[in-house]
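**Q**
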Amino acid sequence: MAISPATEKNRQLRLQARPKGLLAPGDLQLAESPVPELKDGQALARVKYLSIDPTMRVWMVVDSYLPAVAIGEVMRAIGFAEIVESRHPDYKKGDRVTGLTGLQDYVIIDKSAKHFFQKVPKIPFVSDTVFLGVLGTNGLTAFFGMEIAAPKKAETLVVSAAAGATGSIVGQIGKIHGCRVVGIAGSDDKCAWITRDLGFDAAVNYKHADWKEKLAAATPNGIDIDFENVGGEIMQEVLNRMNLHGRVVLCGLISGYTKEEASMASLGTILVKRLRVQGFIILDYASRFMEAAKQLGQWKMFGKLKDRETIVEGLEKAPEAINMLFTGGNIGKLIVKV
Ligand SMILES: NC(=O)c1ccc[n+]([C@@H]2O[C@H](COP(=O)([O-])OP(=O)(O)OC[C@H]3O[C@@H](n4cnc5c(N)ncnc54)[C@H](OP(=O)(O)O)[C@@H]3O)[C@@H](O)[C@H]2O)c1
C-alpha cells in the first residue's frame, strides 16, 4: 500500500533544549510533519524499533565523535526500519534496514546522502530487534572491545554495567575465552540474571554498602581486564584491584553523562600499576562489522550468547526510555517499539 502524504503524518521528537541532568519534559518535543514525498534516488522507510543508547544523552549536549544534535533537529538515534516505497536503486519495498533513522516514524534514505544504513536479512526464528542489540551496535561493541582486551584463559575480567546491552555480551564473550568473569550491576535481580542465566562467575551489586569488599572477594587473584562502561568511583575501585600490566578497555563512562563535571578515575593508579588503557568508538570498526556479526550470530545460534530486552512501547515514550538508562531501569537491550 502506498503511503499517502496527505493522510499519513510523520511524528518526530525534536531537540528543543539541551538537558541538564536527566531529560526534563520538553527537552525533546513531539512534532508532526507530513510524510515527505519521494524523489528519484530516495526510499521511504517506516521505523519499527529504536535503539535507546547512552550516547544519545551525549549527542544532545556536546560535540564528541559526532557533532551535537542542533536545536530543532530530529533527535539522532539508531533504528530498525522497513522500506515502504522506493525510487532508490539499492532498496525495494519490504527491505529491512538498520541505521540512523532518528526518533521519528518515517525516514528518507537518499542516494546522495551518507546515512549509514545497512540492509539486514530476515532469518527464521530471529526477532527484528536483535539487529539493534546482540547483532547490532552492542554486540559489535562487545566483540571489538574484547578484541582490544585480548583475554587469555583463566584471567579475571571485570565488566561494569554488566546487565546492560553491552556488558551482558562482554561477560559472555569473556566466558567463551575461558576467563573468570565478574560483573558489576545495580540490582540483585540483575546480579542474579548474569550469574544464573549468563554464566558469570560472580556479580557485585554496587548499591550495597559493602560492594567494595564483595568485589575484593570475587577477584581473589586481582583483575587482569577492566571492561569499563561506567567510570567514576566504580572504575577507580576496579583499577585499585588491577594486577600490574592489566588492560583497561574504555568503552563508556555513563556515570558522567548526566553530570556537568564527571569524576575521573585516578591517572596515578594507571601509572603505578603500568596499565594499558585503550578507548575505542565502534564506528571505527565499520569495515569489519560483517565478520563480527557472523561470529556473534554463530555464538547466539549455539546458545553461547543469551540476550534479553526491555521494550518500551510508543515513540512518545522515548524521552522516558532514555532516562531509564541512567536510573538503571533496563535489563539487557533497551528498545522503543514505535
Ligand atoms: N565505545 C563505543 O563505541 C560504545 C558503543 C556502545 C555503548 N558504549 C558505552 O557502553 C556503556 C553501556 O551502554 P549500553 O548501551 O550497553 O547501555 P546499558 O548498559 O544497556 O544501560 C546502561 C546501564 O548503565 C548503568 N548505569 C547508569 N548510570 C550508572 C551509574 N551512575 N553508575 C553505575 N552504573 C550506571 C545502569 O545499570 P545499573 O542498574 O547496573 O546501574 C544502566 O542500565 C555506556 O557507557 C555506553 O556509552 C560505548
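Under this note's numbering, the first residue of the sequence shown is numbered 758, with each subsequent residue one higher. We put the CB at the ideal spot given by N, CA and C, even for glycine.
#1: Use the C-beta contact count for L823: other C-beta atoms within 10 angstroms, 16 or more gives buried, fewer gives exposed.
#2: Would you check if the stretch 881-901 and the stretch 923-934 touch, i.e. whether three or more CB-CB distances between them fall below 8 angstroms?
#3: Would the beta-carbon of C948 fall within 8 angstroms of that of A942?
#4: To the nearest angstrom, report how far apart R775 and D862 are at their CA atoms.
#5: Can you tell me whether G1003 is buried or exposed? The criterion is at least 16 other CB atoms within 10 Å of its CB, across all chains shown.
#6: Does the beta carbon of F957 fall short of 7 angstroms from some heavy atom of ligand 1?
#7: When you compare only the Cα positions, how much space is there between V1006 and A907?
#8: Taking E789 and R768 to be in contact with their CB atoms under 8 angstroms, please state how far apart those CB atoms are, rounded to whole angstroms.
#9: Whose C-alpha, out of L892, T976 and H934, is nearest the C-alpha of M1058?
#10: At a threshold of 7 angstroms, does D810 count as lining ligand 1 (C-beta to nearest heavy atom)?
#11: Helix, strand or coil for N1087 per DSSP?
#12: Do the stretch 1007-1015 and the stretch 869-887 touch if we need at least three Cβ pairs shorter than 8 angstroms?
#13: In the DSSP assignment, what are the bridge partners of N767?
#14: In the stretch 839-921, which residue ranges form an unbroken beta strand (DSSP E) of at least 3 residues, counting only runs that do not cross its ends?
#15: Grab the span of the beta strand (DSSP E) containing G1036 for me, first residue to last.
#16: Quick check: what's the CA-CA separation for L1091 versus A1049?
#17: Could you give the uninterrupted runs of the alpha helix (DSSP H) lying entirely in the stretch 1014-1070, keeping only those of 4 residues or more?
#18: Can you check DSSP and say which residues form a bridge with R937?
#19: Check the DSSP bridge columns for L1007 and list the partner residues they point to.
#20: Quick one: residues in its chain with C-beta nearer than 6 angstroms to the C-beta of K969, no 5 flanking neighbours on either side, listed in chain order?
#21: Using DSSP with H/G/I as helix, E/B as strand and the rest coil, what is R833?
#22: Just the Cα atoms here: how many angstroms apart are V792 and T913?
#23: Quick one: Cα of V1034 to Cα of I930, how far?
#24: Mapping DSSP to helix, strand and coil, what is A1103?
**A** Quick answer:
#1: As a first step, residue 823 must be located in the sequence shown, where it is residue number 66. Looking at its Cβ environment, which holds fewer than 16 other Cβ atoms inside 10 Å, L823 is exposed.
#2: yes
#3: Here the question's residue 948 lines up with position 191 in the sequence shown. Here the question's residue 942 lines up with position 185 in the sequence shown. Yes. Within cutoff.
#4: Sequence index remark: in the sequence shown, residue 775 carries index 18 (1-based). Sequence index remark: in the sequence shown, residue 862 carries index 105 (1-based). Cα to Cα, R775 sits roughly 23 angstroms from D862.
#5: Translated into the one-based positions of the sequence shown, residue 1003 becomes position 246. Its Cβ being crowded by 16 or more others within 10 Å, G1003 is buried.
#6: As a first step, residue 957 must be located in the sequence shown, where it is residue number 200. Outside the cutoff, so no.
#7: Here the question's residue 1006 lines up with position 249 in the sequence shown. Here the question's residue 907 lines up with position 150 in the sequence shown. Approximately 10 angstroms, taken between the alpha carbons.
#8: Stepping through the sequence shown from its first residue, residue 789 is reached at position 32. Stepping through the sequence shown from its first residue, residue 768 is reached at position 11. About 6 angstroms; that satisfies the 8 angstroms criterion.
#9: In the sequence shown, counting from the first residue as 1, residue 1058 sits at position 301. Answer by Cα proximity: L892.
#10: In the sequence shown, the residue the question calls residue 810 occupies position 53. Answer for D810: yes, Cβ within range of ligand 1.
#11: Here residue 1087 refers to the residue found at position 330 when the sequence shown is read from its first residue. N1087: coil per DSSP, three-state reduction.
#12: no
#13: The residue given as residue 767 occupies position 10 in the sequence shown. In DSSP, N767 forms a bridge with S790.
#14: The stretch 839-921 contains these whole beta strand (DSSP E) runs: 853-856, 863-867 and 913-917.
#15: The residue labelled residue 1036 in the question sits at position 279 within the sequence shown. That run of the beta strand (DSSP E) goes R1033 to G1036.
#16: By one-based count along the sequence shown, residue 1091 stands at place 334. By one-based count along the sequence shown, residue 1049 stands at place 292. Near 21 angstroms, if we compare the C-alpha coordinates of A1049 and L1091.
#17: Here the runs fully enclosed are 1024-1029 and 1046-1058.
#18: Working through the sequence shown from its first residue, we reach residue 937 at position 180. DSSP lists T913 as partners of R937.
#19: In the sequence shown, residue 1007 corresponds to position 250, counting from 1. For L1007, which the question treats as bridged, DSSP gives the partners E985 and G1036.
#20: Here the question's residue 969 lines up with position 212 in the sequence shown. Cβ within range, chain order: E994.
#21: Taking the sequence shown and counting its residues from 1, one reaches residue 833 at position 76. Looking at R833 - three-state DSSP - the assignment turns out to be coil, as it is neither helix nor strand.
#22: Reading the sequence shown from its first residue, position 35 is the one you call residue 792. Reading the sequence shown from its first residue, position 156 is the one you call residue 913. If I take the Cα positions, the gap works out to 52 angstroms.
#23: Along the sequence shown, one-based indexing puts residue 1034 at 277. Along the sequence shown, one-based indexing puts residue 930 at 173. C-alpha of V1034 to C-alpha of I930: approximately 20 angstroms in a straight line.
#24: Given that the chain is displayed from residue 758 to residue 1095, the structure contains no residue 1103 and the question cannot be resolved.
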